[in-house]
């Protein structure tokens with residue numbers, strides 16, 4: 001029983017979140033239903049009723065959001081959040097081409113990982129054929145699929161600079177820089193910690209088979225020991241060989257870029273020409289370093 005305590009604790013926490021989502025969704029439906037069935041009391045009743053009905057469809061997002069309690073509960077509503085996630089009507093100020101970049105980059109990443117996992121788990125009749133396939137021009141996009149991640153770095157950096165520069169131009173104080181970091185950390189960390197807890201504690205109970213224990217042993221060992229490194233976003237520097245959730249290296253690098261992004265943002269805001277010059281120097285420096293490192297260690 002003692003060995004199952006972590007699994008029981010994580011299960012209780014996950015069920016707590018599920019209960020909060022159920023409560024928020026039920027409150028959202030009840031609130032929208034009650035608003036849509038109010039008796040007309042003024043000449044504005046028709047408009048109010050139409051807005052309430054629209055709120056029921058859009059997950060109760062109409063209106064001013066109500067009290068702090070109401071907004072807090074609606075933050076867990078599946079209707080409200082679902083309407084936001086599946087909303088395709090973007091602002092005119094938003095860079096629409098980013099959606100296309102995301103789609104094609106994600107499709108490329110999925111294709112590359114599918115091929116990579118196939119090499120690890122599928123038995124081939126002739127392994128020598130794999131070496132021949134890599135030389136084919138058609139498979140070069142798969143073999144060099146790692147560069148697709150650069151697209152997401154580009155999108156992340158572009159949006160951070162674009163949005164923050166607009167906010168600085170309108171209203172910005174020094175205290176906002178603290179919020180700048182806290183908001184990013186709060187957006188990324190809880191979900192990653194929940195995934196780590198699930199993989200380290202509950203995943204062994206979710207499957208079976210000849211190689212199941214071998215497959216989940218990595219999560220059991222690395223995540224229980226090194227979860228704190230992920231919480232600090234230093235897994236690409238500390239415990240790299242026994243990283244908890246190998247794919248979270250991207251989250252670490254993305255967060256580190258975010259930490260130093262104010263240098264570029266402030267340079268572009270105060271002296272745009274100097275900011276562009278700084279970006280050019282950074283691009284030239286990182287490209288030169290990559291070329292030197294590749295030649296030094298004779299990488300392909």
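In full-length UniProt numbering, the protein residues as written are 1 to 300. Positions of the beta carbon are idealized from the N, C-alpha and C atoms, including for glycine. Note that the structure is a prediction, hence the values are computed from the model and not measured.
Contact between the segment 135-144 and the segment 238-246 is absent, with fewer than three C-beta pairs closer than 8 Å. Shown here, residue 111 sits in a helix according to DSSP, grouped into three states. Here residue 247 carries a helix assignment [DSSP, helix/strand/coil]. Contact between the segment 162-176 and the segment 197-209 is absent, with fewer than three C-beta pairs closer than 8 Å. Assignment of residue 135 by DSSP, reduced to helix, strand and coil, places it in the coil class. If the five residues before and after residue 274 are omitted, its C-beta is found closer than 7 Å to the C-beta atoms of 267, all from its own chain and listed in chain order.
Ranked by Cα distance from residue 116, the first of 104, 100 and 134 is 134.
For residue 87, the three-state secondary structure derived from DSSP is coil. In this structure, residue 153 sits away from residue 255, with a CB-CB distance that is not shorter than 9 Å. In the structure shown, residue 76 adopts coil according to DSSP, grouped into three states.
By the Cβ neighbour-count rule, residue 248 is buried, with 16 or more other Cβ atoms within 10 Å of its own. Excluding residues up to 5 positions away in sequence, 76, 77, 78 and 79 lie with their Cβ nearer than 8 Å to the Cβ of residue 25 in the same chain.
Under the three-state reduction of DSSP, residue 222 is assigned to helix. The same chain holds no residue with a CB closer than 8 Å to that of residue 106 once the five nearest residues on each side in sequence are set aside. With respect to the 9 Å criterion, residue 27 and residue 67 are not classified as neighbours on the basis of their beta carbons. Ranked by Cα distance from residue 223, the options 74, 198, 298 and 23 are led by 198.
Cα atoms of residue 203 and residue 216: separation of roughly 7 Å, rounded to the nearest angstrom. When only Cα atoms are considered, residue 227 and residue 196 end up about 7 Å apart. Note on residue 235: 16 or more other CB atoms within 10 angstroms of its CB, so buried under the neighbour-count rule. Closest in alpha carbon position to residue 193, among 219, 261 and 180, is 219.
Secondary structure at residue 93: coil, using DSSP grouped into helix, strand and coil.
In terms of Cα proximity to residue 161, the closest of 92, 186, 263 and 86 is 263. The residue from 14, 82 and 110 with its alpha-carbon nearest to that of residue 191 is 14. Counting of Cβ neighbours within 10 angstroms places residue 252 among the buried residues, the total reaching 16 or more. For residue 273, the enclosing alpha helix (DSSP H) stretches over residues 272-296.
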